[in-house]
Amino acid sequence: MSKPKSIALTLFLIILLGAVGGGGYLLLKDQQAPLITVTPGDGRLSKNSSLEISLADQASGLKNLTVLIRKNTTTTIIYQQDWMDRLPERKEVINLSSIDLKEGAFELIVKASDGSYAAFGKGNTATREYSYRLDTTPPRVSVITMPPYVRRGGVGVIAYSVSEETSSTGVQVGDTFFPGYQQSSGNYLCFFAFPYYLTVDEYKPRLIAKDMAGNAYDRPAAVYPLDREFTSDRINLSESFLSTKMPEFEQEFPGEMTHLERFLKVNRDMRVANRASLISIGLQTSPEMLWKGPFLRLPNAANRARFAEKRTYVYNGVEVDQQFHLGHDLASTRHAPVPAANDGKVVFADTMGIYGQVVIVDHGLGLQTLYAHLSEFAVQPGQNVLKGDIVGKTGITGMAGGDHLHYGVLASGIPVTPLEWFDSHWIQDNINGRLN
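To convert, count from 1 in the sequence shown and add 97; that's our numbering.
This is how it looks when you write it as C-alpha cells:
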C-alpha cells in the first residue's frame, strides 16, 4: 500500500473512531432519568383534590411528560406534554374534578423523559406509580344532644358521632371555627360560642365534618339563640394615667408621638394582636374535660366592669375611641391571691400586651380561663392546677389603672361571659345534664 493511501486510511480510522466515541459520549454522558415526585403520594382523594407533579432533571432538562390513570383493567392517558425549552424543573397540577373518574381505587402512572441523547435520542425515561382511592361520599353525622339554648355572649355544647375518620370537625360560626374533640367513646364534643358581636338573626352556627379525602358534611347546627343586653361605660383618660402607663409601651410603639397617640395604638392595634394570640393559645387544649362543678370567683371582690361592656374613651371632653371589655374586672385587696377557677393545666404564664402579666389555664375542649394584670406568677406553663390553687396575685400590669384582676373565660380563644360558669344550675342544665 502506498504511503498516501496509508495516511488516508489512518485519518479515516481516526475520524471514525472520533465519531463513534463522540456519539457514545453523547449517548452515555447522561444516564440519570428525571426525578418524579407526586403530592400527595398516596391516600384518599375527593373530586375536589388535586395532584401536584414535580419533575427535575438538572443535567439535560425535561423533554416530555405523560400521565395515565389505571382503574381495574383500563388505562387512560389524562395528560401529555412535550417541551422544547428543556427546563431543569417543572411543576404540573392535575385536578381530579376535570377527570371522568368513578369512586374506588386507582393507580396514577407518571412517565417523564429528559432531553439527553440516551436511548438513541429518546432520552432517559422515569416511570413512577402511585396508588389512591377516590372517595366522593361525605361522612354521616348524627347529633346526640338536643338543640341547646345559647345566649348571646355565652356557650353551647354539642355531642355527635361521625361515620368515619375526620381531618377536621367542629362548629363554624361566621369566620370562627370551634373544633370538636373525639372522646374515648368515639363520639365528639364541641363547645362553641354565641359571640357577643353577633345578633340573634346573624347567629347561624354550622356543624362541619371533613373526612380524610376532603369530603364535607356541612349543615346548620340546631340551636335556640337567645338575646342578652350588655352595659356601656364612658372612661375619661387623664393625663396622669397616660403619662404613667404609656411609657411602658414605648418599645412596642417607638418613635415620637403623644401619650394619646400611643394609647390609641395600644388600645387598637395591640388589642387586635392580643386577641389573635388568644385564639392561637385556644388550640393548646386537652381533648378531654378537665374541670368539674362551678368555677370559682375571686373571693371578696367587687365587680368593677362586666363582660362585653362597650367602653367609650374620652380625652379632654372628646370621644377618641370605642372598645369592648371582654371579661370581668374584680377588685379585692392590693396584691390579692388569685385562685384557679377550676381544675386544669397552665398553658400560658407571661406578659401579653394590654393584659400585662397573664396566666391562662386550659380546662379542656377549648375552654380556658384568663387571669390578667397580675403583679406576680405562682405557676408556670405545663403545670397542672386544681380548683383553688393560687396562680398569681392581682396587680396593675398592662393597661390596668388600679390593682384588680381581669378575669376572662374563652371558648377556643373567643371571649364568653364568665357569669354562666359561676352558676352551678346553668352548668347542670346546659352542660353536664345535656352530656349525661
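We treat Cβ as the ideally placed atom computed from N, Cα and C, and that holds for glycine.
All values derive from a computational prediction rather than experimental measurement.
For the alpha helix (DSSP H) containing residue i, name the first residue and the last one.
{"i": "G160", "result": "The question names Gly, but residue 160 is Lys in the sequence shown. No alpha helix (DSSP H) holds K160; the beta strand (DSSP E) holding it covers L159 to K168."}
{"i": "N400", "result": "N400 -> not in any alpha helix (DSSP H); beta strand (DSSP E) instead, spanning A399 to A402."}
{"i": "F338", "result": "E336 to K342"}
{"i": "V415", "result": "Taken as a continuous stretch (DSSP letters only), V415 belongs to no alpha helix (DSSP H), being part of the beta strand (DSSP E) at V415 to H422."}
{"i": "E517", "result": "L516 to F519"}
{"i": "V411", "result": "From DSSP, V411 is part of no alpha helix (DSSP H) but of the beta strand (DSSP E) over E406 to Y412."}
{"i": "E358", "result": "H356 to K362"}
{"i": "N371", "result": "R368 to I378"}
Can you give the Cα-Cα distance for residue i and residue j, rounded to whole angstroms?
{"i": "G505", "j": "T242", "result": "27 Å"}
{"i": "E204", "j": "S146", "result": "15 Å"}
{"i": "H522", "j": "I332", "result": "35 Å"}
{"i": "Q129", "j": "L165", "result": "22 Å"}
{"i": "L91", "j": "R401", "result": "There is simply no residue 91 to check, as the chain begins at 98 and stops at 533 in what is shown."}
{"i": "G495", "j": "H470", "result": "6 Å"}
{"i": "V513", "j": "G492", "result": "23 Å"}
{"i": "N527", "j": "V247", "result": "9 Å"}
{"i": "Q525", "j": "S383", "result": "21 Å"}
{"i": "V254", "j": "S335", "result": "43 Å"}
{"i": "S472", "j": "S340", "result": "20 Å"}
{"i": "K208", "j": "S194", "result": "22 Å"}
{"i": "E548", "j": "Q381", "result": "As shown, the chain starts at 98 and ends at 533. That puts residue 548 outside it, with no answer to give."}
{"i": "E517", "j": "L395", "result": "15 Å"}
{"i": "A256", "j": "L532", "result": "7 Å"}
{"i": "G530", "j": "A399", "result": "31 Å"}
{"i": "N312", "j": "Q420", "result": "40 Å"}
{"i": "I196", "j": "K144", "result": "9 Å"}
{"i": "E352", "j": "V363", "result": "Strictly speaking, residue 352 in this sequence is Gly, with Glu absent from that position. In a straight line, the C-alpha of G352 is about 14 Å away from that of V363."}
{"i": "L123", "j": "T134", "result": "Note that L123 scores 44 on pLDDT, short of 50, meaning its location in the model is unreliable and no value can be drawn from it."}
Apart from the five residues on each side of it in sequence, which residues of its chain come closer than 7 Å, Cβ to Cβ, to residue i?
{"i": "G379", "result": "G463, Q465, L507, S509 and G510"}
{"i": "L315", "result": "Per the sequence shown, the amino acid found at residue 315 is Asp instead of Leu. Within the same chain, D315 has close Cβ partners R303 and I305."}
{"i": "N192", "result": "S147"}
Leaving out five residues on either side along the sequence, give the residues of the same chain with a beta carbon under 6 Å from the beta carbon of residue i.
{"i": "N397", "result": "S429"}
{"i": "D543", "result": "Coverage of the chain is limited to positions 98 through 533, which leaves residue 543 absent and any answer about it impossible."}
{"i": "R187", "result": "L152 and L159"}
{"i": "T448", "result": "Q454"}
{"i": "V417", "result": "Y410"}
{"i": "Y293", "result": "G250 and A405"}
{"i": "V488", "result": "V435, A437, V456, Y468, A475 and V476"}
{"i": "Q177", "result": "T163"}
{"i": "D330", "result": "E406 and R408"}
{"i": "T173", "result": "I166"}
Opposite residue i in the DSSP bridges: which residues?
{"i": "H501", "result": "G492"}
{"i": "S151", "result": "T134 and K188"}
{"i": "K307", "result": "S265 and A313"}
{"i": "V254", "result": "F288"}
{"i": "I173", "result": "Looking at the sequence shown, residue 173 is not Ile but Thr. Note: T173 sits in a beta bridge opposite I166."}
{"i": "T296", "result": "In the DSSP output, where bridge partners are listed per residue, T296 has none listed."}
{"i": "E226", "result": "I206"}
{"i": "A428", "result": "A399"}
{"i": "I487", "result": "P436"}
{"i": "T273", "result": "V270"}
{"i": "T234", "result": "None; T234 has no bridge partner."}
{"i": "R248", "result": "L323"}
{"i": "F474", "result": "G489"}
Considering only the beta carbon of each residue, do residue i and residue j sit closer than 8 Å?
{"i": "P434", "j": "G485", "result": "no"}
{"i": "S213", "j": "G220", "result": "yes"}
{"i": "S264", "j": "M309", "result": "yes"}
{"i": "R403", "j": "T328", "result": "yes"}
{"i": "W388", "j": "G441", "result": "yes"}
{"i": "E200", "j": "T233", "result": "yes"}
{"i": "H356", "j": "M367", "result": "no"}
{"i": "A306", "j": "T266", "result": "yes"}
{"i": "R183", "j": "S157", "result": "yes"}
{"i": "V476", "j": "A446", "result": "yes"}
{"i": "V190", "j": "E149", "result": "yes"}
{"i": "V270", "j": "C287", "result": "no"}
{"i": "N439", "j": "H425", "result": "no"}
{"i": "P244", "j": "A319", "result": "yes"}
{"i": "P322", "j": "F291", "result": "yes"}
{"i": "R141", "j": "R230", "result": "yes"}
{"i": "L502", "j": "L393", "result": "no"}
{"i": "V443", "j": "G479", "result": "yes"}
{"i": "D500", "j": "H432", "result": "yes"}
{"i": "F346", "j": "R365", "result": "no"}
CB-CB under 8 Å to residue i, same chain, minus the five flanking residues each way: which ones, in chain order?
{"i": "G283", "result": "S258"}
{"i": "G498", "result": "F338 and K342"}
{"i": "D324", "result": "R248, R249, T296 and V297"}
In terms of residues, what are the limits of the beta strand (DSSP E) holding residue i?
{"i": "L205", "result": "G201 to D211"}
{"i": "A446", "result": "G441 to T448"}
{"i": "I457", "result": "Q454 to D459"}
{"i": "N333", "result": "S329 to N333"}
{"i": "G140", "result": "G140 to L142"}
Cβ of residue i less than 8 Å from any chain B Cβ?
{"i": "G379", "result": "Checking the listed chains, one finds no chain B in this structure; it contains a single protein chain."}
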